[in-house]
Amino acid sequence: MELDRKAVEGIAHLARLAISEEDIPEYAHNLSNILNFVAQMDAVDTSSVEPMAHPLKMAQRLRDDTVSEPDGRDRFQAIAPSVEAGLYLVPKVIE
Amino acid sequence: MHTKTIAELAAGLAARDYSSEELTRAFLQRIGRLDPKINSFVTVTDEAALAAAREADRRISAGEAGPLTGVPIAHKDIFCTDGVKTSCGSRMLDNFIAPYDATVVERFKAVGAVMLGKTNMDEFAMGSSNETSFYGPVKNPWELEAVPGGSSGGSAAAVAARLAPGATGTDTGGSIRQPAALCGITGLKPTYGRVSRWGMIAFASSLDQGGPMARTAEDCALMLSAMAGFDPRDSTSVDQPVPDYTATLNGDLKGLKIGLPKEYFGEGLDGEVAKVIEAAIDEYRKLGAEVVEISLPNTGLAVPTYYVVAPAECSSNLSRFDGARYGYRCEQPKNLEDLYKRSRGEGFGPEVKRRIMIGTYALSAGYYDAYYLKAQKLRHLISDDFTQAFEQVDVIMGPTSPTVAFNIGEKKDDPVTMYLSDIYTIAVNLAGLPGMSIPAGFVGNRPVGLQLIGNYFDEGRLLNVAHRFQQATDWHARVPEAFA
Numbered sequence: 111m112e113l114d115r116k117a118v119e120g121i122a123h124l125a126r127l128a129i130s131e132e133d134i135p136e137y138a139h140n141l142s143n144i145l146n147f148v149a150q151m152d153a154v155d156t157s158s159v160e161p162m163a164h165p166l167k168m169a170q171r172l173r174d175d176t177v178s179e180p181d182g183r184d185r186f187q188a189i190a191p192s193v194e195a196g197l198y199l200v201p202k203v204i205e
Numbered sequence: 070m071h072t073k074t075i076a077e078l079a080a081g082l083a084a085r086d087y088s089s090e091e092l093t094r095a096f097l098q099r100i101g102r103l104d105p106k107i108n109s110f111v112t113v114t115d116e117a118a119l120a121a122a123r124e125a126d127r128r129i130s131a132g133e134a135g136p137l138t139g140v141p142i143a144h145k146d147i148f149c150t151d152g153v154k155t156s157c158g159s160r161m162l163d164n165f166i167a168p169y170d171a172t173v174v175e176r177f178k179a180v181g182a183v184m185l186g187k188t189n190m191d192e193f194a195m196g197s198s199n200e201t202s203f204y205g206p207v208k209n210p211w212e213l214e215a216v217p218g219g220s221s222g223g224s225a226a227a228v229a230a231r232l233a234p235g236a237t238g239t240d241t242g243g244s245i246r247q248p249a250a251l252c253g254i255t256g257l258k259p260t261y262g263r264v265s266r267w268g269m270i271a272f273a274s275s276l277d278q279g280g281p282m283a284r285t286a287e288d289c290a291l292m293l294s295a296m297a298g299f300d301p302r303d304s305t306s307v308d309q310p311v312p313d314y315t316a317t318l319n320g321d322l323k324g325l326k327i328g329l330p331k332e333y334f335g336e337g338l339d340g341e342v343a344k345v346i347e348a349a350i351d352e353y354r355k356l357g358a359e360v361v362e363i364s365l366p367n368t369g370l371a372v373p374t375y376y377v378v379a380p381a382e383c384s385s386n387l388s389r390f391d392g393a394r395y396g397y398r399c400e401q402p403k404n405l406e407d408l409y410k411r412s413r414g415e416g417f418g419p420e421v422k423r424r425i426m427i428g429t430y431a432l433s434a435g436y437y438d439a440y441y442l443k444a445q446k447l448r449h450l451i452s453d454d455f456t457q458a459f460e461q462v463d464v465i466m467g468p469t470s471p472t473v474a475f476n477i478g479e480k481k482d483d484p485v486t487m488y489l490s491d492i493y494t495i496a497v498n499l500a501g502l503p504g505m506s507i508p509a510g511f512v513g514n515r516p517v518g519l520q521l522i523g524n525y526f527d528e529g530r531l532l533n534v535a536h537r538f539q540q541a542t543d544w545h546a547r548v549p550e551a552f553a
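Going down the list, the sequences are from chains A and B.
Using the numbering used here, the first residue of the first sequence is number 111, and each one after it goes up by one.
Using the numbering used here, the first residue of the second sequence is number 70, and each one after it goes up by one.
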């Protein structure tokens, strides 16, 4: 499989990654190589195999629906790029 | 003091041969003097280390000390450390001062271990050579032009160079075992769920596991005893008692059944590395073990399977880095989408972006069944190979890495070749099993690691098997000349 420029741009958009124009050919080349490499998986018939959900075949543990973490808002917002009145600031979303 | 193991340092502290403060100062001085040669630390926490050492000295005087009280260690910069920069080797987190301690860090603090600083690593633990770090490559103390392995390359190099007697690491596809092998130290990746992942920055959540890196199996046993155990804050943490790993180190190996997977000794394995591994296996025969050939027929599928599962989980985990709440934010974003795209595009390095894109592609509409679901099915086959093998044998052995350390820059531009350097370690993560690497010899001046793979929760046996080898050999005691 060979990913073209348009495919790389599409994936980068889905991943919300800005990549520069001149890097696209290299991404196309490397990503295509990786996908061709993982295509070795197709050689095995897995129609009767169950997917592995957990290495120890354990179910996800549930906990009571109660507050277990202390309020750390001030500490967490102290390292935020931009906050005001306890809110995280990002560029305007609705004009 | 830097030549001593953790067990020896603990004995010296208990006997008051030196204080923790003296010990900590000695290691801090060594780091200051020698780390510029190898770049193994991202952050050195001098003042906090000395304060912790004085507190440890008080505990020792008061008779409240445990085996790690006052012993200096380093943490891989993937573990959150309250009030200390936690970069994960990335520009994305270059400004991130963690607001809490990871469970592993908290546990070492609770027993009075002294943190010297945070070690360099491949960006977000994605790499096998430490070349993807935002802070530049770590160099191998044995030969400075060689890589130390990765992703826990800073921890491995720091221990090998005697800048810290022990360090934490994490292993998603070999990131403890491969650098341990390439730097000539001992490293253990525990069973999935044995050590809490809380506060350990996530790469691939179904594979990630923290573990100890030190010079000896005995030291790894001491560290694992402190690290392991149930943590309600990690939903995949296993609620099972933690044995005293130091109590079972000396068990006799007579009658131990060792399986050698024929797939681990075939094409791709360097001939000189193979000789070292064969000599190590002979040592086990002398210790009374019985060696049989086994087969893990799906070995060849492990790397392709991993490079679907790990990128898929990484693309999901790393979506949290959005430039909004913490970490890197681009200058003057035009709108919200621009904020996301440029913060992530500028904050992540090329290998991380590649893996996010592979994972995004594999999980995108119409491709899920062909990639992620297929990989999870193959994972079952790979895991079943081990289950069957452990019906016949107690421990599986083979090389940790197909070659000794390669040179910096040698594989950097070819991701697939780089991925294949983890060919013997990756299946262990896919199956969730515990694995170790121990020093087994050298090719030229570059170390070779012997890999030991155990059944689920059989860390005690792995440590015992490794310890007995280290009683009979001295590969683990060799020191790189420039750091003696």
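Ideal placement from N, C-alpha and C gives every residue a C-beta, glycine not left out.
What residue from LYS443(B), THR315(B), ASP454(B) has the CA that sits closest to SER157(A)'s CA?
-> Taking each of LYS443(B), THR315(B), ASP454(B) in turn and checking the Cα distance to SER157(A), the smallest one comes out for LYS443(B).
Short CB-CB distance (under 7 Å) between ARG171(A) and chain B = For ARG171(A), the closest Cβ of chain B is nearer than 7 Å.
Please name the residues in the stretch 148 to 168 of chain A whose beta-carbon is closer than 8 Å to at least one beta-carbon of chain B, in chain order.
-> Correct list: VAL148, ALA149, GLN150, MET151, ASP152, VAL154, THR156, VAL159, GLU160, PRO161, MET162, ALA163, HIS164, PRO165, LEU166, MET168.
When you compare each of TYR437(B), ARG530(B), ASN404(B) to MET505(B) by their alpha carbons, which one comes out closest?
-> Residue ARG530(B) is the option with its Cα nearest to MET505(B).
Is there at least one Cβ from chain B nearer than 7 Å to ILE204(A)'s Cβ?
-> Proximity of ILE204(A) to chain B, defined by a Cβ-Cβ separation below 7 Å, is not satisfied.
Burial state of LYS187(B), where buried means 16 or more other Cβ atoms lie within 10 Å = Buried, because 16 or more other Cβ atoms sit within 10 Å of the Cβ of LYS187(B).
Is TYR437(B) buried or exposed, if buried means 16 or more other CB atoms sit within 10 Å of its CB?
-> Counting of Cβ neighbours within 10 angstroms places TYR437(B) among the exposed residues, the total staying below 16.
Is the Cβ-Cβ distance between ILE245(B) and SER221(B) less than 7 Å?
-> Yes, the pair counts as a contact, with Cβ atoms nearer than the cut-off.
Report the option in LEU387(B), GLY396(B), PHE148(B), PRO301(B) whose CA atom is closest to the CA atom of GLY280(B).
-> For GLY280(B), the nearest C-alpha among the options comes from PHE148(B).
Determine whether the Cβ of ILE492(B) lies closer than 7 Å to any Cβ atom of chain A.
-> For ILE492(B), no CB of chain A lies under 7 Å from its own CB, so it is not counted at the interface with that chain.
Who are the Cβ neighbours of PRO471(B) in its own chain at under 8 Å, not counting the five residues just before and after it?
-> These residues qualify, in order along the chain: GLY337, LEU338, ASP339, VAL342, LEU489, SER490, ILE492, TYR493.
Assigned secondary structure, PRO468(B) (DSSP; H/G/I helix, E/B strand, else coil) = Taken through DSSP and simplified to helix, strand or coil, PRO468(B) comes out as strand.
Over what stretch of residues does the alpha helix (DSSP H) that includes ALA80(B) continue unbroken?
-> Unbroken alpha helix (DSSP H) run through ALA80(B): 75 to 83.
With a cut-off of 7 Å, does the C-beta of LEU141(A) fall near any C-beta of chain C?
-> No chain C is part of this structure, whose protein chains are labelled A and B.
Are at least three pairs of beta-carbons, each pair with one atom in the stretch 364 to 371 of chain B and one in the stretch 139 to 159 of chain B, less than 8 Å apart?
-> Touching, no.
Where do the ends of the alpha helix (DSSP H) carrying VAL378(B) lie?
-> Residues 371 to 386.
Where DSSP assigns a beta bridge to TYR198(A), which residues make up the other side?
-> Answer is VAL193(A).
How far does the alpha helix (DSSP H) with HIS536(B) in it reach, from first residue to last?
-> 528 to 541 is the span of the alpha helix (DSSP H), which, as asked, contains HIS536(B).
As assigned by DSSP and simplified to three states, the class of MET70(B) = DSSP places MET70(B) in the coil class of the three-state scheme, outside both helix and strand.
With a cut-off of 7 Å, does the C-beta of ALA120(B) fall near any C-beta of chain A?
-> Not an interface residue.
How close, in whole Å, do the beta carbons of ILE363(B) and GLY328(B) come, if the pair is a contact with beta carbons under 8 Å?
-> With a Cβ gap of about 4 Å, ILE363(B) and GLY328(B) count as contacting.
Tell me, which residues are paired with HIS144(B) by DSSP?
-> In the DSSP output, where bridge partners are listed per residue, HIS144(B) has LYS187(B).
Going by CA-CA distance only, name the one from TYR430(B), LEU447(B), ILE166(B), GLU460(B) that's closest to HIS123(A).
-> Closest by alpha carbon: TYR430(B).
Spell out whether any CB of chain A is found under 7 Å from the CB atom of ILE245(B).
-> Output row for ILE245(B): interface = no.
Pick helix, strand or coil for LYS323(B), following the three-state DSSP scheme.
-> LYS323(B): coil per DSSP, three-state reduction.
Below 6 Å CB to CB, which residues in the same chain sit around ARG99(B) once its five sequence neighbours on both sides are set aside?
-> HIS71, LEU232.
Kindly identify the DSSP beta-bridge partner or partners of ILE425(B).
-> Within the DSSP bridge table, the entry for ILE425(B) names no partner.
If you count every other CB in all the chains shown that lies within 10 Å of the CB of LEU251(B), and 16 or more means buried, which is it?
-> Taking all protein chains in view, the Cβ of LEU251(B) is crowded by 16 or more other Cβ atoms within 10 Å, so the residue is classified as buried.
Residues of its chain near ASP527(B), where Cβ-Cβ distance is below 7 Å and the 5 sequence neighbours each way are ignored = Result list for ASP527(B): PRO503, in chain order.
Does DSSP classify ALA95(B) as helix, strand or coil?
-> Reduced to three states, the DSSP call for ALA95(B) is helix.
In three-state terms, what does DSSP make of GLY152(B)?
-> It is coil, neither helix nor strand.
Hey, is ILE189(A)'s beta-carbon within less than 7 Å of any beta-carbon in chain B?
-> So yes, ILE189(A) belongs to the interface.
Considering only the beta carbon of each residue, do GLN35(B) and GLY467(B) sit closer than 7 Å?
-> Outside the shown range of chain B (70 to 553) lies residue 35(B), about which nothing can therefore be said.
Starting from the beta carbon of GLY182(A), find every residue of chain B whose beta carbon is closer than 9 Å, and list them in chain order.
-> Neighbourhood of GLY182(A) in chain B, by CB distance below 9 Å: PRO168, TYR169, in chain order.
Excluding the 5 residues preceding and the 5 following GLY205(B) in the sequence, name in chain order all residues of the same chain whose CB lies nearer than 6 Å to its CB.
-> ASN108.
Around the Cβ of HIS545(B), are there at least 16 other Cβ atoms within 10 angstroms (buried) or fewer (exposed)?
-> Counting the other CB atoms within 10 Å of its CB gives HIS545(B) a total of 16 or more, which places it among the buried residues.
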